[in-house]
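Notes for the one structure printed next.
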């Protein structure tokens, strides 16, 4: 039995030794931490100028959080809502405003998708022609959230 487990362990180890040749690997652009920090700083600056306390979340293309921050005075709930907006924008590749408009326009089928936040304030982050992440803002009125998110995109993206 020990021999069998030893052989299986050795075979499993060999699986990790083989890989995709470097020439076959495609380097995909991503949202770097420094980009996320710049985006959040730009968004927070805009929010402060608008006298709004918001939460700001930046996610990668898989919807994994790269950076999350809640400004002093922002509701603790706003952090989760901002995360949902960012994930939704990254997954769908369009501003969450468009999804909200679909629902408001009588197309509620989108509401059946779990964990999708269809409220204005989430924007996709793009590099060339690919969506590489999303930024979500929550804590102000929907239009304010989107304006703040746009300031984050405009001031922080260096991923191209």
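Residue numbers (the working numbering): 2 to 161.
The C-beta atom is built at its ideal place from N, Cα and C for all residues, glycine as well.
Model, not experiment: these values are computed from the prediction.
| Check | Outcome |
| --- | --- |
| What are the start and end residues of the alpha helix (DSSP H) that includes residue 1? | No statement about residue 1 is possible, as the shown extent of the chain runs from 2 to 161 and does not include it. |
| How would you write the range of the beta strand (DSSP E) that residue 54 sits in, first residue to last? | Segment: none, residue 54 is in no beta strand (DSSP E) and carries neither H nor E. |
| Skipping 5 residues on each side, what residues in its chain have a beta carbon closer than 6 angstroms to that of residue 41? | 57, 68 and 70 |
| For residue 45 and residue 74, what's the separation of their Cα atoms in angstroms? | 13 angstroms |
| Among the candidates 142, 39 and 94, whose CA atom is the shortest distance from the CA of residue 130? | 94 |
| For a quick check, are the C-beta atoms of residue 32 and residue 134 less than 8 angstroms apart? | yes |
| Leaving out five residues before and five after residue 37 in sequence, what residues of the same chain have Cβ atoms less than 6 angstroms from its Cβ? | 59, 67 and 68 |
| Mapping DSSP to helix, strand and coil, what is residue 42? | helix |
| Determine the direct distance from the alpha carbon of residue 99 to that of residue 105, and round the result to whole angstroms. | 10 angstroms |
| Per DSSP, residue 140 forms a beta bridge with which residues? | Paired residue(s): none; residue 140 is not in a bridge. |
| Taking residue 143 as the reference, which of 125, 152, 121 and 156 has the closest Cα? | 121 |
| With a threshold of 8 angstroms on Cβ separation, who are the neighbours of residue 125 within its own chain once the five nearest residues in sequence on each side are excluded? | 90, 91, 93, 94, 95, 96, 132, 134 and 135 |
| Just to confirm, are residue 153 and residue 55 a CB contact at a threshold of 8 angstroms? | no |
| I need the straight-line Cα distance from residue 108 to residue 102, nearest angstrom please. | 9 angstroms |
| My output table needs one value for residue 153: the three-state DSSP class, helix, strand or coil. | helix |
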